[in-house]
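Residue numbers (my numbering), protein chains in the order written: chain A, 1034 to 1468; chain B, 1034 to 1468. We treat Cβ as the ideally placed atom computed from N, Cα and C, and that holds for glycine. All of these numbers come straight from a predicted model, not from anything done at the bench. Everything on this sheet refers to the single structure shown next.
2 protein chains.
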Amino acid sequence: MTRHSNIHIISILYLISVFDTVMSIKIKKMWCIMQVSKRVLQLKDSPLRKLTPLIEAKKKEGKTFIHFNIGQPDLETPQCFFDAIQNFKGNNVPYAPSLGIPPLIEAIQGYFKHQGISFKSNEIIVTTGSSEAIFFVMNAICDPFDEVLIPEPYYVNTVSFMKQLDVVVKGIPTYASDRYHLPSMQDIETHITPRTKAMLLTHPNNPTGTVYSEYEMEMLKEIAIKHHLYLVVDEVYTGIVYDQIPSRSFASLEDLDDHVVIIDSVSKRYSSCGARIGAIASRNHNLMKEIGKLAQARLSAPTLEQIGAVALYNIAPSFIKKTAEIYECRRNVMVNALKDIEGIHVSVPEGAFYCLVDTPFHSAEAFALWCVEHFHVNHESIVVAPAQDFYSNPKSGAHQIRLAFVHDVVVLEKGLNLLKEAIKQYTFVQKGINV
Amino acid sequence: MTRHSNIHIISILYLISVFDTVMSIKIKKMWCIMQVSKRVLQLKDSPLRKLTPLIEAKKKEGKTFIHFNIGQPDLETPQCFFDAIQNFKGNNVPYAPSLGIPPLIEAIQGYFKHQGISFKSNEIIVTTGSSEAIFFVMNAICDPFDEVLIPEPYYVNTVSFMKQLDVVVKGIPTYASDRYHLPSMQDIETHITPRTKAMLLTHPNNPTGTVYSEYEMEMLKEIAIKHHLYLVVDEVYTGIVYDQIPSRSFASLEDLDDHVVIIDSVSKRYSSCGARIGAIASRNHNLMKEIGKLAQARLSAPTLEQIGAVALYNIAPSFIKKTAEIYECRRNVMVNALKDIEGIHVSVPEGAFYCLVDTPFHSAEAFALWCVEHFHVNHESIVVAPAQDFYSNPKSGAHQIRLAFVHDVVVLEKGLNLLKEAIKQYTFVQKGINV
């Protein structure tokens, strides 16, 4: 039945494609228009970044903003990163090896070793941020019309990569009432079709902050084995976990070597987003060989930033623990302040550094825009990320916003006061009352 | 007729796709194999990089190599690049804006201004090397099965990107006898079908060194307008032109604003390959808007390297002239040495820093491998790039190699002596005579 419906979909897509070609030629000839690809037309502007031009314009008018919208840590990038780059002795910045410079691969091995996880050097490929890592992995696993299961709400840029690859995202709904934990194995299995190639998750999760339990990990393992699925896990928030919740990497699951693919990055743990250094780690040698071809085609990840990243991955694990403590304190400040705001609900995050918040507004996107355009207290306002695009059905998250707690407590409290005031004022605006 | 054959191809591809899905499910179920995508399986290892593991192994045995295979300049990266990075005052390396940091966009505008070319700030997008630039542009222009014309031999990694996008490369054959200049307009037009979306060229050309004449530029302009095609021009070797051949950017062509897309990078002109900073410049605002979405999805290009690149793009144009003089001297050394080797033919390059060489061997790839594995003079050997993958039909270039003159004259002469000896010895090996 599923296979038949699959073929049915392909037939329709084929007919659309033929029709499109004929029509696009006609349009081109008629209007002399330089067309862009249908592939790129279906992409949306990033909900996290599309307000940027308006924000820049408002800043020029003297307005200031506290940014809750981007997961850009404010903490210092460890000095060893800068030192390593300054100590670079060459007088030429050459291409790095396509798979990464050997000292960095070694440092990443060491990082996993601290977690009791063993990867061989040929089981790691360095990438330009976790963005490239996700794109490479999905490119190597999926053909057009293949399907990937992702718990939703999800990290929105992932979906943009899937669309570029013509891969179908099947969202597995999760709910604030469960703190966004996974549904049952049976529920998840209803989303699996013959075209399902992989499950993709972020652990700890962005935007929900969910840390998957042992039970959930074992369940995902069982599903992966039973249905021959890859288990691709974005672990860039590893170690940023609260309330002493036990947590481990999916790479530590046994008997799953051919299935598990770990995505990592220095961006979040080491407050080094702009370094654009990430990694893919997997014991599936066949897959890694294929990903290696993608890495060769783009030549290399940036060389100096790789040298800096060696120092970051070599930092003792206690650093990450201390970092998590800082974020835990901020989380508590944010959650407490949010609980104090009438009409909203927050699911308390177990890890990462985001709060997903239910607002009382029909369109949180309109609220976000209003905050940038119209709201201010002494010329200061806030930027929040509307959550609708974190869902395969935008309606599910239309009323939600994501807030990143990437500021010190003083800024955070100031921003949350602004949010409280903004919600109050916007409630009036919604009711048609002038403020 | 062409449209019919096109639809015919799509029908076949559709049937193959359905058959493949059914079969792949059966295979998966039967053998529990974790499969990779068909898309990635069709990619080849880069001919420029696939010998790397063998070379590394040989180096460990004490063998040394002179590398002619990679376009990795040996010249010093200008000190201002390192200084700019060292002068970075922040204590956190943040994401850069997705479209690039404003000072870099301004510096790139200035670089074009020196050539009398005007780009507005919203007509430039910073990328992670020209690799990402080519990928973004082709992604934004082409859908699966669309076609792009590329003069062949071509820059091989481009084809890898096309395959990832399911875009069809149509090679326009060019020949050593014409110094790889373009055929007539009529000849080029025979390759155009309703699915042709763009022409893509490298100017000056890699691997042929061809600098396109005014006549060729005007011809390409005429074709682009007549057939509503994008003209995507990789100009990373701009300014590296010899024999005082007149040359200008395709961006200076008038009445072609919607068609021309320029790809640039700091890699070659400023000997900064590892910086991975490139750019897209186009006055087609609709296209740039779509490319902006791709840029947003991957967040940003590396921040510190962008800061370094500002300094590079701000270097006075006289620097590029001096750089070109250095390469011209090397080109003369290489061409003269090659003319002295029996059995080979070299087309004298007009720009860039490669010589494309006809060898007397049926398989230049086997020769390249033999050089790494078996040939040495006092434990020293050479690495050359076999050219077969620079052609849509590998047979066309099976006997060719590409040599990069990216070493000082002393090293170059030593390497060319080794090449002469290698060709002599391999000729004997081919004849079955022990050496």
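Item to check | Beta carbon of residue 1334/A nearer than 7 Å to that of residue 1159/A | outcome: Cβ distance < 7 Å, so residue 1334/A and residue 1159/A count as in contact.
Item to check | Distance between residue 1192/B and residue 1198/B (C-alpha atoms, nearest Å) | outcome: Using only the alpha carbons, I get a separation of about 10 Å.
Checklist entry - What whole-angstrom Cβ distance do residue 1109/A and residue 1304/A have, given they're in contact under 8 Å? => result About 6 Å; that satisfies the 8 Å criterion.
Checklist entry - Any chance the region 1427-1434 of chain A sits against the region 1386-1400 of chain A, with 3 or more Cβ pairs inside 8 Å? => result Yes, the region 1427-1434 of chain A touches the region 1386-1400 of chain A.
Checklist entry - Which word fits residue 1223/B, buried or exposed, when buried means at least 16 other C-beta atoms lie within 10 angstroms of its C-beta? => result Burial call: exposed.
Item to check | Minimum C-alpha distance to residue 1190/B - residue among 1254/A, 1447/A, 1326/A, 1407/A | outcome: Ranking 1254/A, 1447/A, 1326/A, 1407/A by Cα distance to residue 1190/B puts 1326/A first.
Checklist entry - Could you give the distance in angstroms between the alpha-carbon of residue 1450/B and the alpha-carbon of residue 1084/B? => result Residue 1450/B and residue 1084/B have their C-alpha atoms some 22 Å from each other.
Checklist entry - Whole alpha helix (DSSP H) runs in the region 1194-1256 of chain B with 4 or more residues, listed along the chain? => result When DSSP assignments are scanned along the region 1194-1256 of chain B, the uninterrupted stretches of alpha helix (DSSP H) that are 4 or more residues long and fall wholly within it turn out to be 1218-1222.
Next on the checklist: Taking 7 Å as the threshold (C-beta atoms), are residue 1307/A and residue 1126/B in contact?
Outcome noted: Yes, they are a contact pair.
Checklist entry - Does the Cβ of residue 1102/B have 16 or more other Cβ atoms within 10 Å, making it buried, or fewer, making it exposed? => result Flag for residue 1102/B reads buried.
Checklist entry - Nearest-angstrom Cα distance between residue 1036/B and residue 1226/B? => result The predicted model places residue 1036/B with a pLDDT of 49, which falls under 50 and marks its position as unreliable; any figure quoted below should be read in that light. The alpha-carbon atoms of residue 1036/B and residue 1226/B are separated by roughly 8 Å.
Checklist entry - Does any C-beta atom of chain B lie closer than 7 Å to the C-beta of residue 1239/A? => result With a threshold of 7 Å between beta carbons, residue 1239/A makes no contact with chain B.
Checklist entry - Starting from residue 1098/B and walking both ways along the beta strand (DSSP E), at which residues does that stretch end? => result Looking at the DSSP string, the run of the beta strand (DSSP E) that includes residue 1098/B is 1097-1100.
Item to check | Rounded separation between residue 1118/A and residue 1428/A - CA only | outcome: Approximately 46 Å, taken between the alpha carbons.
Checklist entry - Measuring CA to CA, which of 1155/A, 1452/A, 1164/A, 1116/A is closest to residue 1131/A? => result Minimum Cα distance to residue 1131/A is reached at 1155/A.
Item to check | Reference residue 1469/A, options 1238/A, 1232/A, 1275/A, 1381/A, closest by Cα | outcome: Nothing about residue 1469/A can be read from this structure; chain A reaches only from 1034 to 1468.
Next on the checklist: Cβ closer than 8 Å: which chain A residues qualify as neighbours of residue 1100/B?
Outcome noted: Correct list: empty, because the minimum Cβ distance to chain A is about 11 Å.
Next on the checklist: Within 10 Å of its beta-carbon, does residue 1407/A have 16 or more other beta-carbons around it, so buried, or fewer, so exposed?
Outcome noted: Answer is exposed; the Cβ neighbour count stays below 16.
Checklist entry - Is it right to say residue 1135/B is buried, meaning 16 or more other beta carbons lie within 10 angstroms of its own, or is it exposed? => result Exposed: under 16 other Cβ atoms inside 10 Å.
Checklist entry - Between which two residues does the alpha helix (DSSP H) harbouring residue 1140/A extend? => result Unbroken alpha helix (DSSP H) run through residue 1140/A: 1135-1146.
Next on the checklist: Using only CA atoms, which one of 1320/A, 1245/A, 1373/A lies nearest to residue 1069/B?
Outcome noted: A check of alpha carbon separations from residue 1069/B across 1320/A, 1245/A, 1373/A identifies 1320/A as the nearest.
Next on the checklist: Please report the straight-line C-alpha distance between residue 1457/A and residue 1410/A, rounded to a whole angstrom.
Outcome noted: Between residue 1457/A and residue 1410/A, the C-alpha separation is close to 13 Å.
Item to check | Interface positions of the region 1301-1315 of chain B facing chain A (Cβ-Cβ less than 9 Å), listed along the chain | outcome: Per Cβ criterion, the list reads 1304, 1305, 1306, 1307, 1308, 1309, 1310.
Checklist entry - From the beta carbon of residue 1159/A, is the nearest beta carbon of chain B less than 7 Å away? => result Contacts with chain B at 7 Å (Cβ-Cβ) do not include residue 1159/A.
Item to check | Proximal residues of chain A, C-beta to C-beta of residue 1318/B below 8 Å | outcome: Within chain A, no residue comes near residue 1318/B; the closest Cβ sits about 11 Å away, beyond 8 Å.
Item to check | Best match in 1275/A, 1175/A, 1340/A for proximity to residue 1368/A [C-alpha to C-alpha] | outcome: Checked all of 1275/A, 1175/A, 1340/A; the closest Cα to residue 1368/A is 1275/A.
Next on the checklist: Please confirm whether residue 1340/A has its beta-carbon closer than 7 Å to some beta-carbon of chain B.
Outcome noted: It does not: the Cβ of residue 1340/A has no partner Cβ on chain B nearer than 7 Å.
Checklist entry - Hey, how far is the Cα of residue 1269/A from the Cα of residue 1188/A? => result Roughly 12 Å between the two C-alpha positions.
Next on the checklist: Could you check whether the Cβ of residue 1126/B sits closer than 7 Å to any Cβ belonging to chain A?
Outcome noted: Chain A contact via Cβ: present.
Item to check | Contacting positions in the region 1412-1444 of chain A - beta carbon closer than 9 Å to chain B | outcome: For the region 1412-1444 of chain A, the set of residues with a beta-carbon nearer than 9 Å to any beta-carbon of chain B is empty.
Next on the checklist: I'd like the span of the alpha helix (DSSP H) that includes residue 1460/A, first residue to last.
Outcome noted: Counted as a single uninterrupted DSSP element, the alpha helix (DSSP H) harbouring residue 1460/A occupies residues 1442-1463.
Item to check | Unbroken alpha helix (DSSP H) run spanning residue 1087/B, endpoints | outcome: Residue range 1085-1093 is occupied by the alpha helix (DSSP H) that includes residue 1087/B.
Checklist entry - Could you give the residue range of the alpha helix (DSSP H) that holds residue 1380/B? => result Where residue 1380/B is concerned, there is no enclosing alpha helix (DSSP H), given that its DSSP letter is neither H nor E.
Checklist entry - Is the Cβ-Cβ distance between residue 1170/A and residue 1265/A less than 7 Å? => result Result yes, Cβ atoms of residue 1170/A and residue 1265/A sit closer than 7 Å.
Checklist entry - So, residue 1385/B versus residue 1237/B, is the Cβ gap smaller than 7 Å? => result Yes, the Cβ-Cβ distance between residue 1385/B and residue 1237/B is below 7 Å.
Item to check | Three-state class that DSSP yields for residue 1191/B in the structure shown | outcome: In the three-state DSSP reduction, residue 1191/B falls in the helix class (H, G or I).
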